[in-house]
Amino acid sequence: MKEDDIRPSRLQAGQRVALLHDIAFLLARNEEFVQCACPACGSERARPRFEKNGFRYVDCLDCTSFYVNPRPGERLLADFYRQSENYAYWARHIYPASAEARHQSVIVPRVERVLELCQRIGLPCGDLLEVGAGYGSFCREMQQRGLWQRIVGIEPTPDLAAICREQGFEVVEQPVEVYAAATAQRFDLIAAFEVIEHLFAPGQVVASLSALLRPGGALILTCPNGAGFDVQQLGPESPCVDHEHLNYFNTRSLPLLLQRHGLETLACFTPGKLDAELVRKGVQAQGREAELDPFLQDVLFNRWDELGPAFQRFLAESGMSSHMWVMARKPEEGARV
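Sequential numbering from 1030 applies to the sequence shown in my numbering.
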């Protein structure tokens, strides 16, 4: 998989205009930004890390997560996502242009990995919930497999919820916290892909997800790894550091958050495929090739075709990719985490 397959370079200039609009929208209401504790461990001990686009990022001194602080408040975030030009641009241009490549290189492998993880722990294919169903690609692919008794997608955005309904699975058009408080339904598996990094209060959402799980049920999350190779090398210029991502967990801190809400982490890994390519492009864009140490000069430039793929595999297998998966389980009745 190449970055251009899922994020076509010919569309990036238009997306940049949309991103600048969205950033300006948030900064114009910065009086609504609020201070927060670490979203992973709850510590208030932090130090400045860097600033980007008017947003301040800090390191947690206890669990090594980093996060936006102060951050847009919940009402501001709700307004932001309703008006986002970037999301509209994605829907009009990027998603249609990359839908087939994205399905084959992202959605199908995602479904197969989820099924493999479920099989690994003997999880029954009963009721499945996806939080942040988006365009419905994951639920649709799961539906076509014919394995689950029931599939539900939570998608609060009206336009996206309508797209999901057209694909024939059950859709809940409200925030997961509202749904969790109102329903008696419980699920064998809950999945949320690239959601938790966007949340004002991820702990509240994890608590709701835990409540929605049956005893013995499993939660699968994906998000950026704040300790990944591209963040370490590119810092604020890393593609995963943007105004929408408020929380940057890592392979040590995300399990801490899950444990705080009664969930036992079974697996945490980083199967990314693009880190080396993204860092290579980022260093080239900054004109910093000569500043790299000799090892990275060889891997990323002088011997890229020879060493690049093996280096990417090393990053993934060592927990150093910036794309992270975690699977956790709700204990059976009477068990303790």
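Glycine is no exception: its CB is placed at the ideal position from the N, C-alpha and C atoms.
Taking every protein chain shown into account, the CB of V1260 has 16 or more other CB atoms within 10 angstroms, so this residue is buried. With a cutoff of 9 Å on beta-carbon distance, I1219 and L1241 are scored as near each other. When the beta-carbon positions are compared, E1223 and G1165 stay at least 9 Å from each other.
Here the alpha carbon of L1106 sits roughly 40 Å from the alpha carbon of A1339. Of the residues C1154, P1323, R1243 and A1047, the one whose Cα lies closest to the Cα of E1114 is A1047. Ranked by Cα distance from C1070, the options Y1277, P1300, G1043 and G1264 are led by Y1277. Within the same chain, no Cβ atom closer than 6 Å to the Cβ of R1121 is found once the five residues on either side in sequence are excluded.
Counting only runs of at least 4 residues, the stretch 1216-1255 fully encloses the following alpha helix (DSSP H) elements, listed from N- to C-terminal order: 1231-1241. In the three-state reduction of the DSSP assignment, M1353 falls in the strand class. Sequence-distant partners of F1084 (beyond 5 residues in either direction) whose C-beta falls short of 7 Å from its own C-beta, in its chain, are V1097 and H1272. For the pair L1152 and P1284, the Cα-to-Cα distance works out to about 20 Å.
Of the candidates E1306, M1353, C1065 and L1250, E1306 places its Cα closest to the Cα of L1336. Taking the C-beta atoms as reference points, F1229 is found nearer than 9 Å to L1275. The Cβ atoms of G1257 and S1350 sit closer than 9 Å to each other. Contact between E1362 and P1244 holds: CB atoms are separated by about 5 Å, below the 8 Å threshold.
Put simply, the backbone Cα of A1213 is about 16 Å away from that of G1182. By the Cβ-count criterion, I1150 is exposed, with fewer than 16 other Cβ atoms from all chains shown falling within 10 Å of its own Cβ.
Taking a contact as a CB-CB distance under 8 Å, the pair A1345 and G1311 does not count as one, their CB atoms being some 18 Å apart. C1070 sits in coil when the DSSP states are folded into three classes, being neither helix nor strand.
Between P1037 and A1128, the C-beta spacing is not below 9 Å. In the assembly as shown, S1347 is an exposed residue. Its beta-carbon has fewer than 16 other beta-carbons within 10 Å. In this structure, T1251 sits near A1221, with a CB-CB distance shorter than 9 Å. In the structure shown, the three-state DSSP call for D1091 is coil. Proximity to I1192 across G1163, A1211, E1318 and F1054 peaks at G1163, based on C-alpha coordinates.
Note that the C-beta distance between R1358 and L1329 is not below 9 Å. DSSP places P1077 in the uninterrupted beta strand (DSSP E) bounded by A1075 to K1081.
Going by C-alpha positions, E1202 is about 46 Å away from D1334. Going by C-alpha positions, P1204 is about 13 Å away from V1235.
Here D1156 is bridged, per DSSP, to R1179. For the 9 Å CB-CB criterion, W1119 and Q1044 form a contact. L1105: member of the alpha helix (DSSP H) spanning E1103 to Q1112, first to last residue. The residue from P1068, R1111, Q1112 and G1102 with its alpha-carbon nearest to that of D1091 is P1068.
In this structure, the CA atom of E1145 is about 10 Å from the CA atom of R1139. Taking V1087 as the centre and dropping the five residues before and after it, the same chain places the C-beta of A1075, R1076, P1077, R1078, F1095, Y1096 and N1098 closer than 7 Å to its C-beta, in chain order. Counted as a single uninterrupted DSSP element, the beta strand (DSSP E) harbouring V1201 occupies residues E1199 to V1201. For the pair W1177 and I1249, the CB atoms are not nearer than the 9 Å cut-off.
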